[in-house]
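Residue numbers (my numbering), protein chains in the order written: chain A, 1 to 191; chain B, 1001 to 1191; chain C, 2001 to 2191; chain D, 3001 to 3191. Think of the CB as a built atom: it goes at the ideal place given N, C-alpha and C, for glycine as much as any other residue.
Protein chains: 4
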Amino acid sequence: MQTQDPAKRRLILASAARLFAEQPFHDVTLEQVATAARVGKGTLYVYFASKDQLYTAAVAEGLSDLAGTIDERLRVTPADAPVRLSAIVEELLGFSRRYPHLFALMRSGHPIAGSGELDAARRRVASRIEVVLRDGVERGQIDDPRPDLTAQFALAMVRASLLYGPVDAPHADLAAQILRVLLRGVAAAPN
Amino acid sequence: MQTQDPAKRRLILASAARLFAEQPFHDVTLEQVATAARVGKGTLYVYFASKDQLYTAAVAEGLSDLAGTIDERLRVTPADAPVRLSAIVEELLGFSRRYPHLFALMRSGHPIAGSGELDAARRRVASRIEVVLRDGVERGQIDDPRPDLTAQFALAMVRASLLYGPVDAPHADLAAQILRVLLRGVAAAPN
Amino acid sequence: MQTQDPAKRRLILASAARLFAEQPFHDVTLEQVATAARVGKGTLYVYFASKDQLYTAAVAEGLSDLAGTIDERLRVTPADAPVRLSAIVEELLGFSRRYPHLFALMRSGHPIAGSGELDAARRRVASRIEVVLRDGVERGQIDDPRPDLTAQFALAMVRASLLYGPVDAPHADLAAQILRVLLRGVAAAPN
Amino acid sequence: MQTQDPAKRRLILASAARLFAEQPFHDVTLEQVATAARVGKGTLYVYFASKDQLYTAAVAEGLSDLAGTIDERLRVTPADAPVRLSAIVEELLGFSRRYPHLFALMRSGHPIAGSGELDAARRRVASRIEVVLRDGVERGQIDDPRPDLTAQFALAMVRASLLYGPVDAPHADLAAQILRVLLRGVAAAPN
DNA sequence: TATGAATGAGTATTCATTCAT
DNA sequence: GATGAATGAATACTCATTCAT
């Protein structure tokens, strides 16, 4: 063995992300992470310098992934603001289905040294939404004086619907209600 | 049991609420709480059975307070849905100014034991909003098929604007944007 | 229990001193110290902030004791340099009998943060010897241009005779040989 | 086994000796040793079976060297006891200048396993001194009933003068004082 | 032979909880 | 009731050693 194994790194990261999403930071032990990833405890330290760093990497990786997914989706979506917002909300909910725990992680609140990194990753996701809103304003489809806040609202609504909505609600229903409020909330006057 | 001092209880609760809001659950030590409340560590156990229970009590108490505050405000507010929603959002933001930490405390991811109590307290606040929305529907002012979700959205938007909005944004601006999106989002068709 | 118990502190210190003398710093576990002192592991931290601090305190305490013992002995010893030197060597060897491990500790080499404190304690012992030598020079009994070095030699000879001398040699024999070399080595010319 | 490179072995040994002299046994990591010797961590195990063995080999090697150096010097030194003792002390101090860490390494308190080998190496050095003393006794130049102890004293004095003497004292001054005390201490009566 | 990734046993330290005073 | 000394379970992290390449 000469070189660090990127597959093993991803495995550890994925195991950690799942556990961190299921339980608060301090309740996740590195023993658990190591067991979940089927590696020795010491191996974690070959790839990550500390528990904090592992946590940060797990969340940042997830958010980065999310931003990439949204970008790809937007690339194949027509330049219509409501359509694009729908696409984003769909992606957010779809992401939460693929990574059931990561979305809860987005803000479960372990303030950390490298928090800047996380904030940046989060902002990168939010900025996708904000850009779509601003485009819509220019195109006359959106009437919103504060797209920066609205972008945060969109994320917050997705999160709230997942955390506090009825447990068994289909994502389609959640998406419909989020988009209903959001799109009517920022729609430009009909004429 | 006989002579338990309610003032001391409140003092402990207030100190705990502040600390729990500033740091994650596991980073708050009972030593800190005791010091902040100027009591001995053992005294905490005279009033609360465990750290978990103290945490739960602190958050539940805060949310209960909030629900009471909203109730009082609604009592003196006319039966007009948009006006009542505005009043609630104002109260939420005002409350967050008086108890700067409570909304941060609403983050998820903590002692799952007793979680029921917390969820209930949160639902009690949300239900105030939901009731106002349903009233509005009946009065023909609101068009919203899922007031339960919308109520959660309202809370989430307040929270997001506080946590992720510009640090120095005046509450009035935040309130305006929240209400703008929210009210237009659920407004009944003009005629 | 309101106040820290000085007897318990001494008990911990004594247990620690013995263990640290028997084994190198890193081979002594706090588990062992706690068990030896018949206290819980956490109790160690009530009295000492860290393992390093416990180590430093143990050695410093021992050296302090030694300096005190020497002072007392000198107080009842006539102002004759050879006699006083004999008394000191006797005390050093006697001390090593009472605290069989502490003497080895005097220099088993764990360079530590509070090392200054230890060096100071060591110097305090050495200075007793140096003072006696200087007095002897003034009285014309001693001829020694470097009492500072000779004081260190005296300590070193005691230590070497204990560590590297025949295991079963009686202290009296060791004392005799140390004093023989030392006293002749610094004696003023006969006339 | 076939191609073991003696130069690499020496390099490892030298790096280890330096590190062990600078820090206590447990604070030296094999990672450090490997880095210092510019070899892989695994390579250390090609040449030495364990950390303990590496330590033992490093010290023993050093002491062996020292014994050899003394032997060579004595071979060219006249058969006069004081002269030969002077030569030995000079060699000891000179050796400590070339291998500044070796004498610090002579501190006690390390892997008791293999301790026999180290004690033997130390005794081999001491025996050189002892032999010179016994020769002197036979020649009527030395009066010393315990040359075994005195030999240990000589080593101890060198060590103490290096470790606890003034930091900037020239070796010549240290040698002078050591010899002064030592030679007068064991000198036969003038006539 | 040389390497360094992988491993897991070992340990200092923290902290919720208990209980004697 | 109030206190804080006492406790030991729990956990992040280190590092000597192994072994596949």
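Through-space distance from residue j to residue i, alpha-carbon basis
i	j	result
A2151 of chain C	A3169 of chain D	16 Å
A1060 of chain B	E1138 of chain B	31 Å
L2182 of chain C	F2020 of chain C	30 Å
Y3045 of chain D	P3082 of chain D	46 Å
G2068 of chain C	L2102 of chain C	15 Å
Q3023 of chain D	A3126 of chain D	25 Å
R98 of chain A	K3051 of chain D	49 Å
S1015 of chain B	V1028 of chain B	11 Å
R2134 of chain C	I2142 of chain C	8 Å
L66 of chain A	G42 of chain A	30 Å
Q2053 of chain C	A2036 of chain C	18 Å
L1030 of chain B	V2158 of chain C	52 Å
S2096 of chain C	A2156 of chain C	13 Å
L2093 of chain C	S2086 of chain C	11 Å
P167 of chain A	A1120 of chain B	Note that residue 167 of chain A is Val in the sequence shown here, rather than Pro. If you take the alpha carbons of V167 of chain A and A1120 of chain B, they lie about 15 Å apart.
A2113 of chain C	E3091 of chain D	Summary for A2113 of chain C: the model assigns pLDDT 48, below 50, so the residue's position carries little reliability; its value from the coordinates is reported in the next sentence. Those two C-alpha atoms are separated by around 34 Å.
R3084 of chain D	G3136 of chain D	9 Å
I2178 of chain C	Y2055 of chain C	30 Å
E117 of chain A	R123 of chain A	10 Å
L1063 of chain B	A1172 of chain B	22 Å
F3048 of chain D	R3010 of chain D	12 Å
F2025 of chain C	L2013 of chain C	14 Å
P190 of chain A	I1070 of chain B	35 Å
S1163 of chain B	A154 of chain A	For the sequence presented, residue 1163 of chain B should be read as Leu rather than Ser. Going from the Cα of L1163 of chain B to the Cα of A154 of chain A covers about 14 Å.
I2088 of chain C	A2175 of chain C	10 Å
L2149 of chain C	L3149 of chain D	20 Å
A1017 of chain B	G1040 of chain B	18 Å
P1145 of chain B	A188 of chain A	22 Å
T2077 of chain C	V2033 of chain C	38 Å
Residue i, enclosing alpha helix (DSSP H) - first and last residue
i	result
V3186 of chain D	H3171 to V3186
R2073 of chain C	K2051 to R2075
V1167 of chain B	Premise fails: V1167 of chain B is in no alpha helix (DSSP H) and is neither H nor E.
Y1045 of chain B	K1041 to Y1047
R3084 of chain D	A3081 to R3098
P6 of chain A	P6 to E22
V33 of chain A	L30 to A37
Counted within 10 angstroms of its Cβ, other Cβ atoms place residue i as buried (16 or more) or exposed
i	result
S1161 of chain B	buried
A3079 of chain D	exposed
I3129 of chain D	buried
E72 of chain A	exposed
V3132 of chain D	buried
V186 of chain A	buried
G1165 of chain B	buried
R3075 of chain D	exposed
A58 of chain A	buried
P3147 of chain D	buried
A2007 of chain C	exposed
D2005 of chain C	exposed
R38 of chain A	exposed
Counterpart residues of residue i in DSSP-defined beta bridges
i	result
I142 of chain A	A:A187
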